[in-house]
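Residue numbers (the numbering used here): 52 to 119.
Okay, structure first, notes after.
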């Protein structure tokens, strides 16, 4: 199982040391850019779920491309 934790910087060293004490736990810190990318992907997936459920309307593809 994989988990993504959001920990205050002031407590990160303690948590990493604690998790490292378990032989069955591996830790791998994320860079800020990778964490931001993961957040953006998660938000996009949630938005797609809302659109598929009919709770949100999709944008016109032509309008989207014109924004770019």
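No residue lacks a Cβ here, since even glycine has one placed at the ideal position from N, Cα and C.
Hey, how far is the Cα of residue 107 from the Cα of residue 92? 17 Å
Distance between beta carbons of residue 82 and residue 70, contact taken as under 8 Å: Residue 70 to residue 82, Cβ: 18 Å. No contact.
Excluding the 5 residues flanking residue 66 on each side, which residues of the same chain have their C-beta closer than 8 Å to its C-beta? 56, 58
Contact defined as beta carbons within less than 8 Å: I believe residue 109 pairs with residue 102. What is the distance between those atoms, to the nearest angstrom? 5 Å
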